[in-house]
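>
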Amino acid sequence: MAANVQIHEMSNATTGVDKTSGTVRFKSADEATVDTNNRLQIPGAGTDYSYTKQLRAYFNSAPSVDIQNLRAYSDGGNGFGTGVGVQYNVPAGGLGTFPNVDSDIAGTDLFTKTSGSPIDLDVNNTGPHTGTGYKGDILRLQMTVASTASSGQLTAETLTVAYDET
Amino acid sequence: MVRIQDRYCWEAEHADKRVFRQYGADGSENPSTLIRPEEVVRFSILPRVPGLPRHDLLMDRTRGERFVRRFGRGFMKERGGGMQNVEYLQCVETNRYRLWVFSSTGQGVITHPEFEVYL
Numbered sequence: 001m002a003a004n005v006q007i008h009e010m011s012n013a014t015t016g017v018d019k020t021s022g023t024v025r026f027k028s029a030d031e032a033t034v035d036t037n038n039r040l041q042i043p044g045a046g047t048d049y050s051y052t053k054q055l056r057a058y059f060n061s062a063p064s065v066d067i068q069n070l071r072a073y074s075d076g077g078n079g080f081g082t083g084v085g086v087q088y089n090v091p092a093g094g095l096g097t098f099p100n101v102d103s104d105i106a107g108t109d110l111f112t113k114t115s116g117s118p119i120d121l122d123v124n125n126t127g128p129h130t131g132t133g134y135k136g137d138i139l140r141l142q143m144t145v146a147s148t149a150s151s152g153q154l155t156a157e158t159l160t161v162a163y164d165e166t
Numbered sequence: 167m168v169r170i171q172d173r174y175c176w177e178a179e180h181a182d183k184r185v186f187r188q189y190g191a192d193g194s195e196n197p198s199t200l201i202r203p204e205e206v207v208r209f210s211i212l213p214r215v216p217g218l219p220r221h222d223l224l225m226d227r228t229r230g231e232r233f234v235r236r237f238g239r240g241f242m243k244e245r246g247g248g249m250q251n252v253e254y255l256q257c258v259e260t261n262r263y264r265l266w267v268f269s270s271t272g273q274g275v276i277t278h279p280e281f282e283v284y285l
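Chains as they are written, first to last, in our numbering: chain A, 1 to 166; chain B, 167 to 285.
So this is what it looks like as structure tokens:
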């Protein structure tokens with residue numbers, strides 16, 4: 001059978017929460033709970049930063065042979081509206097940067113990464129990946145809210161993770 | 167309910183008529199690394215649920231056509247309701263082309279052997 005691959009929201013390099021059924025929600029607190037507490041504030045000037053979200057692939061069951069080419073990408077269009085963005089980086093060493101921070105990570109605009117130029121999640125923890133457990137690199141995300149943003153709850157954006165399985 | 171990544175399985179036939187199947191009669195799984203690419207004359211992607219079509223590739227080895235490899239490509243998407251497997255492509259690569267089969271619909275797409283399908 002094909003592997004059961006999950007995406008986990010990490011609280012440290014090897015511990016996370018399965019997000020198969022739960023939204024990844026950017027907040028002003030360092031926690032994975034999906035609720036409307038700890039919402040991001042629109043600053044009077046400058047930019048407000050969410051706490052980072054660090055995502056990593058978890059093989060709940062092993063592939064028949066291996067998995068490689070872990071990739072992540074957006075749909076290329078920022079539907080969050082004026083003043084709201086998402087930036088990312090792939091922390092060197094692949095073990096992430098913990099604890100999560102709400103200061104500027106100075107990352108790359110996530111919406112510049114599409115299926116034609118995806119984020120490579122095999123850079124530090126190179127494949128092919130076998131067995132079970134956490135595999136590949138950590139994708140660190142952070143939402144940015146500028147003073148030009150409008151208030152209200154945002155419609156979800158799409159993040160895609162793809163992998164090749166043998 | 168069969169997971170989307172388990173809706174299809176593979177079968178390879180060698181020139182000596184031996185057939186290698188992903189799943190043995192006892193349900194055990196064989197890795198596709200058992201296949202000897204240079205000897206494959208037929209490679210099939212077979213449905214494991216009703217309603218999906220099968221796909222068969224016949225290799226004309228006399229004209230230089232060769233099986234290269236088979237792999238699956240999984241797609242997980244977060245659209246606000248969790249990171250779910252929304253599609254799983256079965257890919258059969260020859261030296262001339264790739265056949266991509268969508269596990270959700272059974273649709274087949276043929277591309278250049280170096281073309282990558284991302285959804």
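Think of the CB as a built atom: it goes at the ideal place given N, C-alpha and C, for glycine as much as any other residue.
Nothing here was measured: the structure is a model prediction, and the numbers come from that model.
Under the DSSP definition of a beta bridge, which residues are partnered with T47 (chain A)?
Beta-bridge pairing links T47 (chain A) to A:A146.
> Shortest alpha-carbon distance to P213 (chain B) belongs to which of B:L285, B:I276, B:L255 and B:P279?
It is B:L255 whose Cα lies nearest to the Cα of P213 (chain B).
> Counting only the same chain and skipping the five closest in sequence on each side, list residues whose C-beta sits under 6 Å from that of W266 (chain B).
Correct list, in chain order: L255, C257, V275 and V283.
> Using the C-alpha atoms, what's the distance from G217 (chain B) back to Q153 (chain A)?
Each residue's Cα considered, the two are about 41 Å apart.
> Sorted by chain position, which residues of the same chain lie with C-beta nearer than 7 Å to R173 (chain B)'s C-beta, five sequence neighbours on each side aside?
So the list reads P213, R214, V215, L218 and S269, once near-sequence residues are dropped.
> If we count Cβ pairs, one from each stretch, closer than 8 Å, do we get three or more for the region 29-45 of chain A versus the region 115-123 of chain A?
Contact between the region 29-45 of chain A and the region 115-123 of chain A is absent, because fewer than three Cβ pairs lie under 8 Å.
> Just to confirm before moving on: does the CB-CB distance between A162 (chain A) and R239 (chain B) stay below 8 Å?
Yes, they are a contact pair.
> Out of curiosity, what's the CA-to-CA distance linking K19 (chain A) and K135 (chain A)?
K19 (chain A) and K135 (chain A): Cα-Cα distance of roughly 15 Å.
> Starting from D172 (chain B), find everything on chain A with Cβ-Cβ shorter than 8 Å and list it in chain order.
Those are M1 and A2, listed as they occur along chain A.
> Roughly how many whole angstroms lie between the Cα atoms of F209 (chain B) and E195 (chain B)?
Near 17 Å, if we compare the C-alpha coordinates of E195 (chain B) and F209 (chain B).
> Since I believe Q54 (chain A) is in contact with G127 (chain A) (beta carbons under 8 Å), could you give me their beta-carbon distance rounded to a whole number of angstroms?
Incorrect: roughly 19 Å between the Cβ atoms, too far for contact.
> Are the C-beta atoms of G230 (chain B) and some chain A residue less than 8 Å apart?
Not an interface residue.
> Alpha carbon to alpha carbon, how far is R39 (chain A) from D48 (chain A)?
Each residue's alpha carbon lies about 11 Å from the other.
> Could you check if V90 (chain A) is buried or exposed, using at least 16 other CB atoms within 10 Å of its CB as the buried criterion?
The residue is buried, with at least 16 neighbouring Cβ atoms inside 10 Å.
> Which ranges would you report for the beta strand (DSSP E) in the region 4-35 of chain A if only whole runs of at least 3 residues count?
For the region 4-35 of chain A, whole beta strand (DSSP E) runs of length 3 or above, ordered along the chain, are 4-12 and 15-18.
> So F241 (chain B) contacts chain A; which residues on that side make the cut at Cβ distance below 9 Å?
Residues of chain A passing the Cβ test: T160, V161, A162 and Y163.
> Quick one, are the C-beta atoms of I170 (chain B) and E253 (chain B) less than 8 Å apart?
Result yes, Cβ atoms of I170 (chain B) and E253 (chain B) sit closer than 8 Å.
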